[in-house]
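Chemist: Residue numbers (mature numbering (1 follows the signal peptide of the UniProt record, and there is no 0)): -24 to -1, 1 to 389. Beta carbons: idealized from backbone N, C-alpha and C, even for Gly. Okay, handing you the structure first.
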């Protein structure tokens, strides 16, 4: 395996010059926030493959992306960067690239023909001014509805496809003394849920008017009011234990039968797999209530500057390893997401991933994720408004819309 990766690296022009007879253990400090049991098993696939290829993986796992991201960014800006750092595709790392703090991966991408093996939208989401600055490792969407099949059978509830059907199902569970929706009231979860409602209850045009066009007038439409009302109504089907509950704790509520449903990204499947649950048997899945939209998202690893030549070699090796076909399949099967490469064997994917693969083939169902369309400052400001709305039952949809519009006005280009 080591010879395989040396040969690949030698074909690139990233000035990594691996002509020496021995690679040595190229250390790579990897900063990420994959810390649950399932996520840890998945990231170990990368670590084992990197070590087997001649590197030395130094794990720096930080609980909660809201903590990990600013920690890593501060280190990059301060001149003490990790070798590679996890991010999300899109505009999150744009300022770092603009300030010249990231290495580009153009030579690696050209040598490995990323244009052929990766979706064009993903390549665009990891690029800045024509240069590629991150390694995408998966495809995922945050707007899945997961449900406990045993509870659905017990209460004779049909799988919901729309928000109206969701609330009808939730009423049955609530009346039967079951928590209808497991939920964690952490800011990132609250904002993610709202964005899913925006796409599913509001529709494609409204979603793009908000995130792409930053149009404050979009909040004055009947569609936006329906979104605000739907989001507020969801709160009535959660339990008092929502504050600061992690997503994996909410997943556990489904596994133990304490709750019937949970709305979360593909990574939820990793928790189910770790618990021995099987898609289609123990749990069911619905992609994008209302519109069946796939909100394009991808975990990526950026390559900071400011390290030694040895670190640069490790960075190049990391890019090769993470996009290896076999590594892609094994990692994503454990993570719960889909391989980002379009040339891998998908026959072994679970039933829910296969649903996602079918949906994503339809361009009309694809929507760029918020991170792909808007900068972090705008998204954080919108999240603050959404969090306050959830925490303030007395706030009306119109009051919420006015606050949301004010943020869009501030960032309108």
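Between residue 65 and residue 112, how many whole angstroms is the CB-CB distance? I'm expecting something under 8 Å.
Modeler: Confirmed, about 6 Å.
Chemist: Between the beta-carbon of residue 226 and the beta-carbon of residue 126, is there less than 8 Å?
Modeler: Not closer than 8 Å, so no.
Chemist: Bridge partners of residue 219, per DSSP?
Modeler: Answer by DSSP bridge pairing, in chain order: 161.
Chemist: Taking its Cβ as the centre, do 16 or more other Cβ atoms sit within 10 Å of residue 43, making it buried, or is it exposed?
Modeler: Exposed, because fewer than 16 other Cβ atoms sit within 10 Å of the Cβ of residue 43.
Chemist: What do you get for residue 382, buried or exposed, if any count of 16 or more other CB atoms within 10 angstroms of its CB means buried?
Modeler: Label assigned to residue 382: exposed.
Chemist: Assuming contact is defined by CB atoms lying nearer than 8 Å, are residue 201 and residue 328 in contact in what I supplied?
Modeler: Contact flag unset, no.
Chemist: When DSSP labels each residue in this structure, what does residue 75 get in the three-state scheme?
Modeler: Here residue 75 sits in coil by DSSP.
Chemist: In its own chain, which residues sit with a C-beta less than 6 Å from the C-beta of residue 345, not counting the 5 before and 5 after it?
Modeler: Here the set comprises 271, 272, 273.
Chemist: Between the alpha carbons of residue 384 and residue 106, how many angstroms are there, rounded?
Modeler: Spanning the two alpha carbons is a distance of roughly 27 Å.
Chemist: State yes or no: is the C-beta of residue 215 within less than 8 Å of the C-beta of residue 313?
Modeler: Not closer than 8 Å, so no.
Chemist: In whole angstroms, what is the alpha-carbon distance linking residue 139 and residue 178?
Modeler: Residue 139 and residue 178: Cα-Cα distance of roughly 11 Å.
Chemist: Would you decide whether residue 369 is buried or exposed? Buried here means 16 or more other CB atoms lie within 10 Å of its CB.
Modeler: Result: exposed.
Chemist: To the nearest angstrom, report how far apart residue 78 and residue 137 are at their CA atoms.
Modeler: Whole-angstrom Cα-Cα distance: 43 Å.
Chemist: Start and end of the alpha helix (DSSP H) containing residue 309?
Modeler: 301 to 311 is the span of the alpha helix (DSSP H), which, as asked, contains residue 309.
Chemist: Around the C-beta of residue 309, are 16 or more other C-beta atoms found within 10 angstroms, so that it is buried, or is it exposed?
Modeler: That one is buried.
Chemist: Evaluate residue 390 with the Cβ neighbour count: other Cβ atoms within 10 Å of its Cβ, from every protein chain shown; 16 or more gives buried, anything less gives exposed.
Modeler: This structure cannot settle anything about residue 390, because the visible part of the chain is limited to -24 through 389.
Chemist: Cβ-heavy atom distance between residue 134 and the ligand FAD below 7 Å?
Modeler: The ligand FAD is absent from the structure shown, which contains no ligand whatsoever.
Chemist: Cβ atoms of residue 110 and residue 248: under 8 Å apart, would you say?
Modeler: Cβ atoms of residue 248 and residue 110: not closer than 8 Å.
Chemist: I'd like to confirm the pairing. Which residues does DSSP put opposite residue 31 in its beta bridges?
Modeler: In DSSP, residue 31 forms a bridge with 2.
Chemist: For residue 192, is the classification buried or exposed, using 16 other Cβ atoms within 10 angstroms of its Cβ as the cut-off for buried?
Modeler: With 16 or more Cβ atoms within 10 Å of its Cβ, residue 192 is classed as buried.
Chemist: Rounded to whole angstroms, what is the Cα-Cα separation between residue 146 and residue 210?
Modeler: About 9 Å.
Chemist: Excluding five sequence neighbours on each side, which residues of the same chain lie with their C-beta closer than 8 Å to the C-beta of residue 287?
Modeler: Once the five neighbours on either side are set aside, the close Cβ partners of residue 287 are 2, 3, 4, 59.
Chemist: How is the beta strand (DSSP E) around residue 278 delimited, first residue to last?
Modeler: From DSSP, the beta strand (DSSP E) with residue 278 extends over 275 to 278.
Chemist: Roughly how many angstroms lie between the CA atoms of residue 20 and residue 375, to the nearest whole one?
Modeler: Residue 20 and residue 375: Cα-Cα distance of roughly 46 Å.
Chemist: Note down, in chain order, each residue of its chain lying with its Cβ closer than 7 Å to the Cβ of residue 380, except the 5 sequence neighbours on either side.
Modeler: So the qualifying residues of the chain are 195, 358, 361.
Chemist: Provide the residue(s) that pair with residue 104 in DSSP beta bridges, ordered along the chain.
Modeler: For residue 104, which the question treats as bridged, DSSP gives the partners 107.
Chemist: Within the continuous alpha helix (DSSP H) that includes residue 50, where are the two ends?
Modeler: Segment 41 to 53, the alpha helix (DSSP H) holding residue 50.
Chemist: Using the three-state DSSP reduction, which class does residue 120 fall into: helix, strand or coil?
Modeler: In the structure shown, residue 120 sits in a strand (DSSP, three-state: E or B).
Chemist: Check each candidate in 302, 181, 154 and name the one with the smallest Cα separation from residue 238.
Modeler: Nearest C-alpha to residue 238: 154.
Chemist: Of all the options 13, 26, 56, 233, which has the alpha carbon lying nearest to the alpha carbon of residue 284?
Modeler: That would be 56, whose Cα lies nearest to the Cα of residue 284.
Chemist: With DSSP run on the structure shown, which of helix, strand or coil describes residue 60?
Modeler: Correct three-state label for residue 60: strand.
Chemist: Work out the CA separation of residue 144 and residue 17 for me, nearest whole Å.
Modeler: Straight-line Cα distance between these residues: approximately 37 Å.
Chemist: What distance in whole Å lies between the Cβ atoms of residue 269 and residue 188, which are believed to be in contact at a cut-off of 8 Å?
Modeler: No, residue 188 and residue 269 are not in contact; Cβ-Cβ is about 14 Å, not under 8 Å.
Chemist: Would you give the residue range spanned by the beta strand (DSSP E) that residue 65 belongs to?
Modeler: Segment: none, residue 65 is in no beta strand (DSSP E) and carries neither H nor E.
Chemist: Under three-state DSSP, which class holds residue 262?
Modeler: Strand, per DSSP.
Chemist: Kindly indicate which residue of 234, 220, 324 has the alpha-carbon position closest to the one of residue 254.
Modeler: For residue 254, the nearest C-alpha among the options comes from 324.
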